[in-house]
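Taking it in order: structure first as structure tokens, then the write-up.
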Amino acid sequence: MYPLEAKNIFKSFAGHQALTDVSIQVPGQQVYGLLGPNGAGKTTLIRIINNITAPDSGQVLWEGRPMQPSDIAYIGYLPEERGLYKKMKVGEQALYLARLKGLSKQDAQQRLKYWFDKFDVTSWSNRKLEELSKGMAQKIQFIITVVHEPKLLIFDEPFSGFDPLNVQLLKDEILYLKNQGATVIFSTHNMSSVEEICDEISLINKSEVVLQGKVNEIRTRFAKGIYVLKTDAPAGRIPESKLYETLSTEEKKGKLTMQIQKKADVTTRELLVELSALYEIHGFEEEISSMNDIFIQTVQP
Amino acid sequence: MSKIGLIIEREYMTRVKKKSFIILTFLMPMMLVALVAVPLLLSSVKSSEVKIVAVSDSDGLYLKRLENNAQYKFVPAKDGLATVRKQIAQEGSIYAYLVIQGDLSKDSSSVNIYTVKQAELEMKDFISGQLKDLARKDKIASYKIVGLDKIIEDSNPKLSINTIKWEKDGSEKESSSELAMVIGMVATIIIYIFIFAYGAMVMNGVIEEKINRIVEVIVSSVKPFDLMMGKIIGIAMVGLTQVLLWVILLGGTLGIASYALKDKLGDGQLQKFSTQMAQSQTGIHPGANTVQMQQITTQANDIPDAQRIIQMVSNLNLGEIVFWFILYFLAGYLLYASLFAAFGSAIDNQEDSQQFVLPLTIPVLFALYAGMYSAQNPDGPLAFWCSMFPLTSPIVMMVRIPFGVPLWELLVSFGLLVLTFLGVVKMAAKIYRTGILMYGKKVTYKELAKWLRYKN
Chain A
12 MYPLEAKNIF
22 KSFAGHQALT
32 DVSIQVPGQQ
42 VYGLLGPNGA
52 GKTTLIRIIN
62 NITAPDSGQV
72 LWEGRPMQPS
82 DIAYIGYLPE
92 ERGLYKKMKV
102 GEQALYLARL
112 KGLSKQDAQQ
122 RLKYWFDKFD
132 VTSWSNRKLE
142 ELSKGMAQKI
152 QFIITVVHEP
162 KLLIFDEPFS
172 GFDPLNVQLL
182 KDEILYLKNQ
192 GATVIFSTHN
202 MSSVEEICDE
212 ISLINKSEVV
222 LQGKVNEIRT
232 RFAKGIYVLK
242 TDAPAGRIPE
252 SKLYETLSTE
262 EKKGKLTMQI
272 QKKADVTTRE
282 LLVELSALYE
292 IHGFEEEISS
302 MNDIFIQTVQ
312 P
Chain B
50 MSKIGLIIER
60 EYMTRVKKKS
70 FIILTFLMPM
80 MLVALVAVPL
90 LLSSVKSSEV
100 KIVAVSDSDG
110 LYLKRLENNA
120 QYKFVPAKDG
130 LATVRKQIAQ
140 EGSIYAYLVI
150 QGDLSKDSSS
160 VNIYTVKQAE
170 LEMKDFISGQ
180 LKDLARKDKI
190 ASYKIVGLDK
200 IIEDSNPKLS
210 INTIKWEKDG
220 SEKESSSELA
230 MVIGMVATII
240 IYIFIFAYGA
250 MVMNGVIEEK
260 INRIVEVIVS
270 SVKPFDLMMG
280 KIIGIAMVGL
290 TQVLLWVILL
300 GGTLGIASYA
310 LKDKLGDGQL
320 QKFSTQMAQS
330 QTGIHPGANT
340 VQMQQITTQA
350 NDIPDAQRII
360 QMVSNLNLGE
370 IVFWFILYFL
380 AGYLLYASLF
390 AAFGSAIDNQ
400 EDSQQFVLPL
410 TIPVLFALYA
420 GMYSAQNPDG
430 PLAFWCSMFP
440 LTSPIVMMVR
450 IPFGVPLWEL
460 LVSFGLLVLT
470 FLGVVKMAAK
480 IYRTGILMYG
490 KKVTYKELAK
500 WLRYKN
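Those protein sequence lines, which keep their order, are chains A and B. Residue 276 in the numbering used here is what sits at position 265 of the first sequence, and the numbering runs on without skipping anything. Residue 309 in the numbering used here is what sits at position 260 of the second sequence, and the numbering runs on without skipping anything.
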């Protein structure tokens with residue numbers, strides 16, 4: 012049973028198809044990446060999960076059963092288009108928004124105190140939001156997203172507009188919350204952060220899921236059979252082989268680094284047997300595609 | 050507390066705590082009272098100085114009969130024109146020089162008043178009133194008919210028409226059309242202002258949440274419908290609070306002011322005060338000519354005594370008026386506020402709002418004018434149809450109610466209003482839930498219609 016599952020979701024707006032037969036299964040206590048170019052339909056899917064809009068057809072399952080409107084109390088959502096009341100005091104609006112999520116006044120105050128102390132913003136709670144720096148406001152926004160201890164956290168482009176320090180803080184917090192038992196859906200363009208924190212992903216392009224699975228598996232699947240061999244520089248010419256093509260060589264201080272492309276029907280074992288006969292191997296490693304390459308490769312027509 | 054309750058609380062508290070709200074609420078009644086009281090006080094201060102009017106009366110017909118008052122004192126002019134002129138211009142011992150030549154009952158154009166400054170209107174009225182009276186008496190006396198003055202007085206009766214309403218049960222009730230009109234207009238204008246001011250407040254609140262981009266955070270916790278209704282209800286309560294405070298404060302300050310003024314002003318001033326009120330009622334401003342002034346004064350005298358007014362007010366069936374006022378007030382506000390919310394949701398910058406809501410301002414303005422004309426003819430076709438049509442009925446019907454409206458008309462009109470509100474609020478919610486999440490798009494009315502068909 013998955014904490015959250017979307018089944019065959021269709022959604023269109025006035026002739027524009029936003030989602031076509033999209034299904035995702037989000038496993039518990041994992042970080043699930045929702046990737047895709049702008050306008051692919053990620054935000055629409057997230058809004059459907061949040062009960063903000065309804066799908067034309069399809070179903071969202073919460074812990075195995077059809078999702079109820081009351082379930083959104085267990086979701087923490089940080090939208091891409093986010094903001095707070097500029098003229099309202101920080102503490103007041105954090106309390107208000109926490110109570111809107113269903114916390115009692117006492118609970119909300121207690122938990123806010125914990126988070127405000129943790130993020131070192133307690134001294135700002137009596138100031139109006141417009142007096143805060145952008146980074147500070149983003150911290151407040153993050154606190155509001157997580158204060159009701161949601162089972163499912165949804166971050167839509169969480170790092171946009173954050174400075175590197177806050178990005179690191181946020182990443183640490185997301186992983187911390189995951190370890191505490193939360194499930195995280197993470198929508199982003201930032202592919203390096205996907206490699207870093209996502210366990211599974213769905214790549215949506217032009218309203219459809221085009222790639223889905225565990226990050227490691229996908230990266231292996233996309234491996235092109237390129238290996239990097241490190242060895243001592245040979246005395247003579249580098250020999251040709253029927254098993255692979257040499258893409259590049261680099262000699263430095265008597266060491267040779269060679270990038271080779273394995274031919275399609277050759278196994279890694281065969282390759283290694285041949286190489287070890289020729290060279291003293293110091294290092295041999297498969298070059299895994301970066302998520303960035305995979306993204307571009309998949310999305311480009 | 051339920052979520053909609055939380056929203057209402059926030060919408061209410063943030064607005065009531067605003068400085069602008071507090072200032073407006075407390076200053077408004079004081080300004081209203083000051084508007085009436087300050088001129089009164091000033092005019093009472095002015096009267097302390099006695100001004101001397103030198104009188105040259107060639108036939109000696111009037112000088113002895115002219116009566117002084119607290120402000121003007123008449124003295125015989127002993128010296129010639131040149132000397133008096135010097136006294137006025139240089140010494141200031143004399144304010145004005147009144148020259149009367151011959152018998153005014155025969156030649157009415159032979160009175161001149163000389164001053165250095167422009168002659169005061171008050172003095173001119175005071176003198177001309179007395180001379181006219183004296184000349185009239187002389188003229189009547191010149192006919193040498195015994196008791197003529199009494200005959201003339203009798204032939205000029207005070208006429209006041211009493212309007213009496215026959216109730217269905219056969220009883221008679223004395224009513225006042227003027228009073229009904231005033232009450233109807235006041236009720237109408239309050240509803241009109243409320244719809245506009247607080248409808249705009251709802252719209253600005255919606256736009257603010259959209260511009261601040263907090264709206265998506267909130268609708269991930271509550272239904273957009275709850276957010277919209279919470280805002281509408283919260284702001285309605287702000288308005289009710291303000292109206293209530295105004296009633297209390299206005300009553301309080303008026304009480305204090307009238308108590309304070311009573312000591313300072315004599316009976317004459319109070320008389321003047323009631324004349325002033327009559328002037329403002331009939332729409333004639335001070336400074337109008339003497340004939341009008343006299344008419345007003347007679348009108349003021351015609352105003353029935355307090356007891357009769359109270360009687361007539363109670364005959365108006367105040368309970369019924371207040372009952373319907375509250376219903377129309379709330380329903381009218383709710384109808385327009387939900388429309389304002391829907392329109393506001395489609396806008397993402399404040400500058401666009403004015404032109405975008407034009408379709409809303411037109412019916413409200415039209416209703417106000419229709420209401421004003423309906424006051425003249427509360428049972429005419431304009432009044433009837435406008436008090437049935439839901440977009441104008443909250444404003445127009447209030448003009449008609451003090452004149453008495455058949456129950457079936459009230460029920461049909463109010464029923465239509467409520468049905469329209471229910472339909473409109475549904476449509477508004479649909480537009481709202483789409484609009485609040487739509488950015489960077491110049492929205493057309495055609496697009497709004499499309500949003501109505503979106504699922505959810």
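Don't be surprised by glycine CBs; every beta carbon is placed ideally from N, CA and C.
Chain order gives no chain A residues near Tyr422 of chain B, where near means a beta carbon separation below 9 Å; the closest approach is about 43 Å.
Distance from the CA of Glu219 of chain A to the CA of Ile57 of chain A, rounded to the nearest whole angstrom, comes to 14 Å.
Put simply, the backbone Cα of Tyr125 of chain A is about 30 Å away from that of Gln79 of chain A. Each residue's CA atom was taken as its position, placing Tyr241 of chain B and Gly301 of chain B some 25 Å apart.
In this structure the stretch 82-97 of chain A lies against the stretch 260-280 of chain B, because at least three pairs of beta carbons, one per stretch, are closer than 8 Å. The Cβ of Lys97 of chain A sits closer than 9 Å to at least one Cβ of chain B. At least 9 Å separates the CB of Thr31 of chain A from every CB of chain B. The straight-line gap separating the alpha-carbon atoms of Phe463 of chain B and Met437 of chain B is approximately 8 Å. The beta carbon of Ile370 of chain B lies closer than 8 Å to those of Ile232, Ala236, Ile450, Pro451 in the same chain, with the five residues before and after it left out. Per DSSP, Ala416 of chain B is one residue of the alpha helix (DSSP H) stretching across 407-425.
Counted as a single uninterrupted DSSP element, the stretch harbouring Ser300 of chain A is not any beta strand (DSSP E), since DSSP gives it neither H nor E.
Counting along the chain, Ile20 of chain A sits inside the beta strand (DSSP E) bounded by residues 15-24. According to the DSSP assignment, Val101 of chain A belongs to the alpha helix (DSSP H) that extends over 101-111. Using a Cβ-Cβ distance cut-off of 8 Å, the stretch 253-268 of chain B and the stretch 382-394 of chain B are in contact, since at least three pairs of beta carbons, one from each stretch, lie closer than that value.
Apart from sequence neighbours up to five positions away, the residues of its chain that approach Ala380 of chain B with a beta-carbon distance below 8 Å are Pro443, Phe463, Leu466, Val467, Phe470, ordered along the chain.
Counting C-beta atoms within 10 angstroms of its own C-beta, Ala25 of chain A has fewer than 16 neighbours from the protein chains shown and is therefore classed as exposed. For the options A:Glu206, A:Ile83, A:Val239, A:Gly172, the alpha carbon positioned closest to that of Ile165 of chain A is the one of A:Ile83. Legend: CB atoms of the stretch 257-268 of chain B lying less than 7 Å from CB atoms of chain A belong to residues Asn261, Arg262, Ile263, Glu265, Val266, Ile267, Val268. With a beta-carbon spacing of about 31 Å, Ile208 of chain A and Leu240 of chain A fall beyond the 8 Å limit used to define contacts. If you look at Gln223 of chain A, you'll find it isn't in any alpha helix (DSSP H); it sits in the beta strand (DSSP E) that goes 219-225. Neighbours of Arg122 of chain A across chain B, judged by C-beta separation under 8 Å, do not exist; the nearest C-beta is about 15 Å away. Under the Cβ distance rule, Ile86 of chain A counts among the residues neighbouring chain B, one pair being separated by less than 9 Å. Contact annotation: Leu111 of chain A and Leu55 of chain B have beta-carbon atoms nearer than 9 Å. Where Tyr238 of chain A is concerned, the enclosing beta strand (DSSP E) starts and stops at 237-243. For the set A:Glu296, A:Phe170, A:Thr309, the Cα lying nearest the Cα of Ser204 of chain A is the one of A:Phe170. At a cut-off of 9 Å between C-beta atoms, Lys68 of chain B does not count as an interface residue with respect to chain A. Three or more Cβ pairs closer than 8 Å define a contact, and the stretch 98-106 of chain B meets that threshold against the stretch 120-130 of chain B. Here Thr199 of chain A is buried, its C-beta having at least 16 other C-beta atoms within 10 Å. Under the three-state reduction of DSSP, Thr278 of chain A is assigned to coil, being neither helix nor strand. Taken in chain order, the complete alpha helix (DSSP H) segments of 4 or more residues contained in the stretch 165-200 of chain B are 170-191. For the stretch 478-499 of chain B, the set of positions with a beta-carbon nearer than 9 Å to some beta-carbon of chain A reads Arg482, Thr483, Leu486, Tyr488, Glu496, Lys499 in chain order.
If you draw a straight line from the Cα of Thr268 of chain A to the Cα of His293 of chain A, it is about 10 Å long. When beta bridges are read from the DSSP output, Leu163 of chain A appears opposite A:Ile86, A:Thr194. Lys259 of chain B and Glu60 of chain B do not touch by the CB rule: their CB atoms are close to 15 Å apart, not below 8 Å.
Taking Val473 of chain B as the centre and dropping the five residues before and after it, the same chain places the C-beta of Leu384, Ser387, Leu388 closer than 7 Å to its C-beta, in chain order. The Cβ atoms of Tyr144 of chain B and Thr164 of chain B sit closer than 9 Å to each other.
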